[in-house]
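For what it's worth, the numbering used here labels the leading residue of the sequence shown as 61, then goes sequentially.
As structure tokens, the structure follows; a few thoughts come after it.
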Amino acid sequence: MSAILRLAVQSKGRLAQDSLALLQQCGLQVLRTPGALTARARGLPVDLLFVRDDDIAGLVSAGVCDLGIAGENVVREVALEDPKADNLQTIRRLGFSRCALKLAAPKAGDIKTPADLEGKTIATSYPAQLRAWLNAQGLGANIVVLKGAVEIAPALDLADAICDLVSSGATLIANGLSDFATVLQSEALLIGNDTALEPQKADLLARLLRRMDGVIASRATKYIMLNAPRAALDEITALLPGADAPTIMDLAGDKTHVAVHAVCRETIFWDTLEALEARGAKAILVLPIEKMMG
Ligand code: ATP
Ligand code: ZN
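Below is the structure:
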């Protein structure tokens, strides 16, 4: 019987789709029967367990699953609250489901800075992280725990301020709230525990991580192609963000220009393209890279 890795992912919600998309990009095909709690992936021997995001860290900590994909906000909360969860380890930061745990208060009120929280009441679904943050700031405040709809707590007079997840900020604005401090910048994490995997599973994990690293690296990485005046070649290659040695090729029937091809490992902004154009670069193409290795 060969080894199979068990990976917990969110069943449905804000993490679910991007988690499965990442696995798919790593070559794991997942056929999920509606309502099923597990699925065997094809491509690599991995079993998926579909659960609520709140349960993922606990399942990994207890060793029920070898791996999990969960929001840092939830992983940290579990790690702070459950003494048994101190064996959790972040294996990779995955770069999706970015959001921030922020403090906010009614725009029209008098809480504008962390110091104004002294003696006040704060509603949150993340009491452990809020408590740790308040302690670090040397502040004393009461915490009211709500599982959801935290943003309406001030309007209901349940709390003076809130500590909640924010991504676009639209929910805060819609509720007349304004944020003034950040407790955590969060993203999805691949987590494991500190128990050594048996050799076959360890090999499997290494393969999965190699693929994941390729996918993560190729997200910001682009392939750029352009034609540059020979005279401006040095200036133009110096502008390419995070590029290894570019490939320079002659152009048929044009002695004054050369073709430049390069892999750029950093984001190419419009400013860069404008600067390239200003130095005489023509026919600039920026292409996504689907997979990368080596
Ligand atoms: P479940 O049913 O699995 O318990 P949930 O309702 O607790 O789901 P979701 O709303 O799906 O959770 O959010 C899952 C994770 O997505 C959050 O813990 C967080 O890491 C991330 N996330 C990204 N943006 C936001 C946002 N604007 N609000 C809340 N969570 C966000
Ligand atoms: Zn949840």
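A virtual CB, placed ideally from N, CA and C, is assigned to each residue, including glycine.
Small disclaimer: the values here were computed from a predicted structure and weren't measured.
- Three or more Cβ pairs drawn from the region 222-229 and the region 195-214 lie within less than 8 Å of each other, which places the two stretches in contact.
- Just so you know, the alpha carbons of Phe-110 and Thr-98 end up roughly 6 Å apart.
- Per DSSP, reduced to three states, the secondary structure at Ala-248 is strand.
- A distance below 7 Å between beta-carbons, with the five flanking residues on each side excluded, links Gly-274 to the following residues of its chain, in chain order: Lys-351, Met-352 and Met-353.
- For Thr-184, the CB contacts under 8 Å within the same chain, skipping 5 residues up- and downstream, are Leu-190, Ile-203, Val-204, Val-205, Leu-206, Val-210, Ile-222, Cys-223 and Asp-224 in chain order.
- In the three-state reduction of the DSSP assignment, Pro-105 falls in the coil class, being assigned neither a helical nor a strand state.
- Shown here for Leu-218: same chain residues with a beta carbon closer than 7 Å to its own, the five before and five after excluded, namely Ala-183 and Val-204 in chain order.
- If you look at Ala-130, you'll find it in the beta strand (DSSP E) that goes 127-131.
- One residue list follows from the rule of a beta carbon closer than 6 Å to any heavy atom of ligand 1, given in chain order as Gln-70, Gly-73, Arg-74, Leu-75, Arg-112, Asp-113, Asp-114, Gly-131, Asn-133, Val-134, Ser-157, Cys-159, Leu-225, Ser-227 and Ser-246.
- Taking each of Val-243, Arg-290 and Thr-231 in turn and checking the Cα distance to Asn-195, the smallest one comes out for Val-243.
- When Cβ pairs closer than 8 Å are counted between the two stretches, the region 244-251 is seen to touch the region 135-153, the count reaching three or more.
- Contact check between the region 167-181 and the region 294-301: fewer than three CB pairs, one atom from each, fall below 8 Å, which does not count as touching.
- Residue burial is scored here from C-beta neighbours: Val-346 has fewer than 16 other C-beta atoms within 10 angstroms and is therefore classed as exposed.
- Judged by their CB atoms, Gly-123 and Val-138 are not nearer to each other than the 8 Å cut-off.
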